[in-house]
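In the working numbering, the protein residues as written are 72 to 333.
Working notes, beginning with the structure itself.
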(Lines of atoms letter the chains of each structure in order from A and count residues from 1; the text may use other names and numbers.)
(Lines give C-alpha, C1' and ligand atoms only; values in the text may rest on other atoms or scores of the structure.)
Protein backbone atom coordinates (compact mmCIF):
# COMPACT_ATOMS: atom_id res chain seq x y z
CA UNK A 1 0.00 0.00 0.00
CA UNK A 2 1.23 3.50 -0.86
CA UNK A 3 0.40 4.83 2.60
CA UNK A 4 3.31 3.91 4.86
CA UNK A 5 3.54 6.54 7.61
CA UNK A 6 0.76 8.19 9.63
CA UNK A 7 1.12 11.07 12.06
CA UNK A 8 -1.37 11.07 14.94
CA UNK A 9 -1.25 14.53 16.51
CA UNK A 10 -1.83 13.23 20.02
CA UNK A 11 0.45 11.90 22.79
CA UNK A 12 1.54 8.29 22.49
CA UNK A 13 -0.86 5.87 24.25
CA UNK A 14 0.31 4.94 27.74
CA UNK A 15 0.06 1.18 27.18
CA UNK A 16 0.66 -1.17 24.29
CA UNK A 17 -3.05 -1.74 23.72
CA UNK A 18 -4.49 0.81 21.32
CA UNK A 19 -6.65 0.59 18.18
CA UNK A 20 -3.91 2.57 16.44
CA UNK A 21 -1.44 -0.27 16.98
CA UNK A 22 -3.99 -2.77 15.67
CA UNK A 23 -4.36 -0.68 12.51
CA UNK A 24 -0.58 -0.41 12.12
CA UNK A 25 -0.27 -4.21 12.15
CA UNK A 26 -3.30 -4.76 9.94
CA UNK A 27 -2.09 -2.48 7.12
CA UNK A 28 1.66 -2.61 7.75
CA UNK A 29 1.95 1.14 8.36
CA UNK A 30 4.01 3.15 10.84
CA UNK A 31 2.13 5.18 13.46
CA UNK A 32 3.95 8.22 14.81
CA UNK A 33 2.42 10.01 17.81
CA UNK A 34 3.57 13.61 17.63
CA UNK A 35 1.29 16.42 18.91
CA UNK A 36 1.24 19.62 16.86
CA UNK A 37 0.23 21.44 20.02
CA UNK A 38 1.00 21.18 23.71
CA UNK A 39 -0.62 22.60 26.80
CA UNK A 40 0.83 24.71 29.58
CA UNK A 41 -1.02 24.96 32.86
CA UNK A 42 -1.77 28.34 34.34
CA UNK A 43 0.15 29.16 37.48
CA UNK A 44 -1.80 29.63 40.71
CA UNK A 45 -1.15 33.37 40.47
CA UNK A 46 -2.56 33.47 36.93
CA UNK A 47 -5.57 31.35 37.87
CA UNK A 48 -6.45 33.59 40.82
CA UNK A 49 -7.22 36.39 38.37
CA UNK A 50 -10.35 34.44 37.40
CA UNK A 51 -11.65 34.89 40.97
CA UNK A 52 -13.03 31.35 40.91
CA UNK A 53 -13.15 29.52 44.24
CA UNK A 54 -12.63 25.83 43.42
CA UNK A 55 -14.13 24.74 46.74
CA UNK A 56 -17.53 26.17 45.74
CA UNK A 57 -18.21 23.55 43.06
CA UNK A 58 -19.91 20.17 43.36
CA UNK A 59 -19.37 18.93 39.81
CA UNK A 60 -16.90 19.25 36.92
CA UNK A 61 -17.36 18.97 33.15
CA UNK A 62 -14.29 17.40 31.53
CA UNK A 63 -13.70 17.57 27.77
CA UNK A 64 -10.00 16.60 27.64
CA UNK A 65 -7.20 14.93 29.57
CA UNK A 66 -5.49 18.31 29.83
CA UNK A 67 -8.57 19.63 31.65
CA UNK A 68 -8.42 16.68 34.06
CA UNK A 69 -4.69 17.12 34.74
CA UNK A 70 -4.88 20.86 35.32
CA UNK A 71 -8.01 20.72 37.48
CA UNK A 72 -6.41 18.29 39.92
CA UNK A 73 -3.04 20.07 39.74
CA UNK A 74 -4.52 23.45 40.63
CA UNK A 75 -6.62 21.93 43.41
CA UNK A 76 -3.47 20.41 44.89
CA UNK A 77 -1.36 23.55 44.51
CA UNK A 78 -4.12 25.70 46.03
CA UNK A 79 -4.65 23.11 48.78
CA UNK A 80 -8.30 22.61 47.90
CA UNK A 81 -9.60 19.26 49.15
CA UNK A 82 -11.84 17.60 46.57
CA UNK A 83 -14.80 15.97 48.33
CA UNK A 84 -15.74 12.35 47.66
CA UNK A 85 -19.17 13.61 46.62
CA UNK A 86 -17.75 15.52 43.61
CA UNK A 87 -19.45 14.51 40.36
CA UNK A 88 -17.66 14.30 37.00
CA UNK A 89 -19.29 14.70 33.58
CA UNK A 90 -17.02 13.66 30.70
CA UNK A 91 -17.57 13.99 26.96
CA UNK A 92 -16.02 10.56 26.25
CA UNK A 93 -15.47 7.28 28.09
CA UNK A 94 -11.69 7.55 27.62
CA UNK A 95 -11.65 10.83 29.56
CA UNK A 96 -13.83 9.24 32.25
CA UNK A 97 -11.40 6.32 32.59
CA UNK A 98 -8.46 8.74 32.72
CA UNK A 99 -9.91 10.07 35.99
CA UNK A 100 -8.58 6.88 37.62
CA UNK A 101 -5.20 8.60 37.65
CA UNK A 102 -6.57 10.84 40.41
CA UNK A 103 -9.65 9.25 41.99
CA UNK A 104 -11.26 5.89 42.66
CA UNK A 105 -13.56 5.21 39.70
CA UNK A 106 -17.20 4.98 40.79
CA UNK A 107 -19.94 4.93 38.20
CA UNK A 108 -22.38 6.74 40.42
CA UNK A 109 -20.05 9.74 40.46
CA UNK A 110 -18.89 9.66 36.82
CA UNK A 111 -20.99 10.09 33.67
CA UNK A 112 -19.83 10.25 30.08
CA UNK A 113 -21.01 10.66 26.51
CA UNK A 114 -19.96 8.90 23.33
CA UNK A 115 -19.56 11.66 20.74
CA UNK A 116 -17.00 13.93 22.42
CA UNK A 117 -19.44 16.86 22.30
CA UNK A 118 -21.34 18.84 24.91
CA UNK A 119 -24.65 18.16 23.15
CA UNK A 120 -24.21 14.40 23.48
CA UNK A 121 -27.63 12.94 24.48
CA UNK A 122 -26.24 10.60 27.16
CA UNK A 123 -24.18 13.39 28.71
CA UNK A 124 -27.13 15.78 28.74
CA UNK A 125 -29.35 13.18 30.42
CA UNK A 126 -26.78 12.83 33.19
CA UNK A 127 -26.46 16.60 33.54
CA UNK A 128 -30.23 17.04 33.68
CA UNK A 129 -30.48 14.43 36.45
CA UNK A 130 -27.96 16.46 38.43
CA UNK A 131 -29.16 19.93 37.53
CA UNK A 132 -28.81 21.18 41.08
CA UNK A 133 -25.03 20.78 41.01
CA UNK A 134 -22.78 23.83 40.78
CA UNK A 135 -20.59 22.93 37.79
CA UNK A 136 -17.08 23.98 36.86
CA UNK A 137 -15.99 23.75 33.23
CA UNK A 138 -12.14 23.83 32.89
CA UNK A 139 -11.02 24.85 29.39
CA UNK A 140 -8.01 26.10 27.45
CA UNK A 141 -7.47 29.69 26.38
CA UNK A 142 -8.53 28.81 22.81
CA UNK A 143 -11.77 27.06 23.75
CA UNK A 144 -14.47 27.78 21.16
CA UNK A 145 -17.05 25.04 21.67
CA UNK A 146 -20.65 26.24 21.69
CA UNK A 147 -21.99 26.24 25.27
CA UNK A 148 -25.53 27.24 24.36
CA UNK A 149 -26.83 23.70 24.96
CA UNK A 150 -25.76 23.95 28.61
CA UNK A 151 -27.56 27.28 28.93
CA UNK A 152 -30.68 25.82 27.30
CA UNK A 153 -30.75 23.09 29.93
CA UNK A 154 -30.54 25.77 32.64
CA UNK A 155 -27.41 24.35 34.24
CA UNK A 156 -25.31 26.31 36.71
CA UNK A 157 -21.99 26.24 34.81
CA UNK A 158 -18.89 28.39 35.20
CA UNK A 159 -16.34 28.18 32.40
CA UNK A 160 -12.79 28.93 33.51
CA UNK A 161 -9.44 28.84 31.71
CA UNK A 162 -6.99 26.50 33.46
CA UNK A 163 -4.41 25.93 30.72
CA UNK A 164 -3.18 27.46 27.49
CA UNK A 165 -2.55 25.81 24.14
CA UNK A 166 0.69 26.55 22.31
CA UNK A 167 2.33 25.29 19.12
CA UNK A 168 4.66 22.31 19.55
CA UNK A 169 7.13 23.47 16.91
CA UNK A 170 9.00 21.11 14.61
CA UNK A 171 12.74 21.27 15.02
CA UNK A 172 15.29 21.75 12.20
CA UNK A 173 16.06 18.38 10.64
CA UNK A 174 12.95 16.73 12.10
CA UNK A 175 11.36 14.38 9.57
CA UNK A 176 8.10 15.34 7.91
CA UNK A 177 7.60 12.43 5.55
CA UNK A 178 4.03 11.46 6.42
CA UNK A 179 1.31 10.17 4.13
CA UNK A 180 -1.56 10.93 6.52
CA UNK A 181 -1.96 13.64 9.20
CA UNK A 182 -4.69 13.26 11.84
CA UNK A 183 -5.89 16.36 13.70
CA UNK A 184 -8.12 16.74 16.75
CA UNK A 185 -8.45 20.52 17.16
CA UNK A 186 -8.25 23.79 15.21
CA UNK A 187 -5.07 24.62 17.13
CA UNK A 188 -3.37 21.67 15.45
CA UNK A 189 -4.17 23.10 12.01
CA UNK A 190 -2.85 26.50 13.10
CA UNK A 191 0.38 24.82 14.20
CA UNK A 192 0.70 23.07 10.83
CA UNK A 193 0.37 26.43 9.06
CA UNK A 194 2.88 28.03 11.43
CA UNK A 195 5.47 25.28 11.04
CA UNK A 196 4.95 24.81 7.30
CA UNK A 197 3.62 28.10 5.85
CA UNK A 198 4.10 26.84 2.28
CA UNK A 199 2.33 23.53 2.89
CA UNK A 200 0.34 22.38 -0.14
CA UNK A 201 -1.70 19.22 0.31
CA UNK A 202 -1.70 18.19 -3.35
CA UNK A 203 2.01 18.89 -3.78
CA UNK A 204 2.91 16.88 -0.70
CA UNK A 205 0.41 14.09 -1.55
CA UNK A 206 -0.77 14.04 2.07
CA UNK A 207 -4.22 12.98 3.29
CA UNK A 208 -5.76 14.89 6.20
CA UNK A 209 -8.07 13.54 8.89
CA UNK A 210 -10.08 15.49 11.46
CA UNK A 211 -11.94 14.52 14.61
CA UNK A 212 -14.73 16.91 15.53
CA UNK A 213 -16.63 19.59 13.65
CA UNK A 214 -14.28 22.40 14.67
CA UNK A 215 -11.23 20.53 13.37
CA UNK A 216 -13.01 19.76 10.08
CA UNK A 217 -13.95 23.43 9.67
CA UNK A 218 -10.38 24.56 10.46
CA UNK A 219 -9.00 22.35 7.67
CA UNK A 220 -11.59 23.63 5.20
CA UNK A 221 -10.97 27.25 6.25
CA UNK A 222 -7.28 26.69 5.51
CA UNK A 223 -8.26 25.75 1.92
CA UNK A 224 -7.24 22.14 2.53
CA UNK A 225 -9.16 18.91 1.93
CA UNK A 226 -10.64 16.66 4.62
CA UNK A 227 -10.13 13.02 3.60
CA UNK A 228 -11.05 11.34 6.90
CA UNK A 229 -13.67 12.69 9.29
CA UNK A 230 -15.22 11.54 12.57
CA UNK A 231 -17.43 11.28 14.51
CA UNK A 232 -20.37 10.63 12.22
CA UNK A 233 -23.16 8.10 11.70
CA UNK A 234 -20.66 5.45 10.53
CA UNK A 235 -17.68 6.17 12.75
CA UNK A 236 -17.70 7.17 16.40
CA UNK A 237 -13.91 7.31 16.65
CA UNK A 238 -10.95 8.44 14.58
CA UNK A 239 -9.54 4.91 14.56
CA UNK A 240 -12.74 3.53 13.07
CA UNK A 241 -12.71 6.17 10.32
CA UNK A 242 -9.00 5.61 9.67
CA UNK A 243 -9.47 1.84 9.43
CA UNK A 244 -12.26 2.30 6.88
CA UNK A 245 -10.19 4.80 4.88
CA UNK A 246 -7.16 2.50 4.71
CA UNK A 247 -9.35 -0.45 3.73
CA UNK A 248 -10.79 1.56 0.84
CA UNK A 249 -7.31 2.70 -0.24
CA UNK A 250 -6.02 -0.87 -0.18
CA UNK A 251 -9.00 -2.15 -2.16
CA UNK A 252 -8.57 0.64 -4.71
CA UNK A 253 -4.87 -0.10 -5.18
CA UNK A 254 -5.55 -3.82 -5.56
CA UNK A 255 -8.26 -3.12 -8.17
CA UNK A 256 -5.90 -0.82 -10.09
CA UNK A 257 -3.22 -3.50 -9.92
CA UNK A 258 -5.53 -6.09 -11.38
CA UNK A 259 -6.48 -3.67 -14.14
CA UNK A 260 -2.84 -3.06 -15.03
CA UNK A 261 -2.19 -6.80 -15.12
CA UNK A 262 -4.92 -7.24 -17.67
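Here a beta-carbon is modelled for each residue, glycine too, at the ideal position from N, C-alpha and C.
Beta carbon of residue 137, beta carbon of residue 110: below 8 Å?
yes
On the DSSP bridge assignment, give the partners of residue 102 in chain order.
77
Thinking residue 247 and residue 255 are a contact (beta carbons under 8 Å), I'd like their distance in whole angstroms, please.
About 19 Å separates the two Cβ atoms, so there is no contact after all.
Determine the closest residue to residue 166 out of 274, 287, 187, 80, with distance taken between C-alpha atoms.
187
Which term fits residue 102, buried or exposed, when burial requires 16 or more other beta carbons within 10 angstroms of its beta carbon?
buried
Measuring CA to CA, which of 108, 320, 270 is closest to residue 79?
108
Following the continuous alpha helix (DSSP H) through residue 215, name the residue where it begins and the one where it ends.
It is not in any alpha helix (DSSP H) - residue 215 carries neither H nor E in the DSSP assignment.
Assuming residue 233 contacts residue 313 (C-beta within less than 8 Å), just tell me the rounded distance between them.
Between residue 313 and residue 233 the Cβ distance is about 30 Å, and since that is not below 8 Å, they are no contact.
Based on Cα-Cα distance, which residue from 189, 224, 205 lies nearest to residue 156?
Closest option to residue 156, Cα to Cα, is 205.
Three-state secondary structure (DSSP) at residue 187?
coil
Over what stretch of residues does the alpha helix (DSSP H) that includes residue 285 continue unbroken?
284-292
When DSSP builds the beta bridges, which residues end up paired with residue 161?
133, 183
Give me whichever residues DSSP pairs with residue 281 in a beta bridge.
254, 300
Does the beta-carbon of residue 249 have 16 or more other beta-carbons within 10 angstroms, so that it is buried, or is it exposed?
It is buried - the Cβ of residue 249 has at least 16 other Cβ atoms within 10 Å.
What separation, rounded to the nearest whole angstrom, lies between the Cα atoms of residue 270 and residue 174?
43 Å
Assuming residue 295 contacts residue 279 (C-beta within less than 8 Å), just tell me the rounded distance between them.
6 Å
Taking the beta carbon of residue 303 as the centre, do at least 16 other beta carbons fall within 10 Å, making it buried, or is it exposed?
exposed
Is the stretch 215-234 touching the stretch 116-136 in the sense that three or more CB pairs, one from each, lie closer than 8 Å?
yes
The beta strand (DSSP E) that contains residue 111, what's its start and end?
108-112
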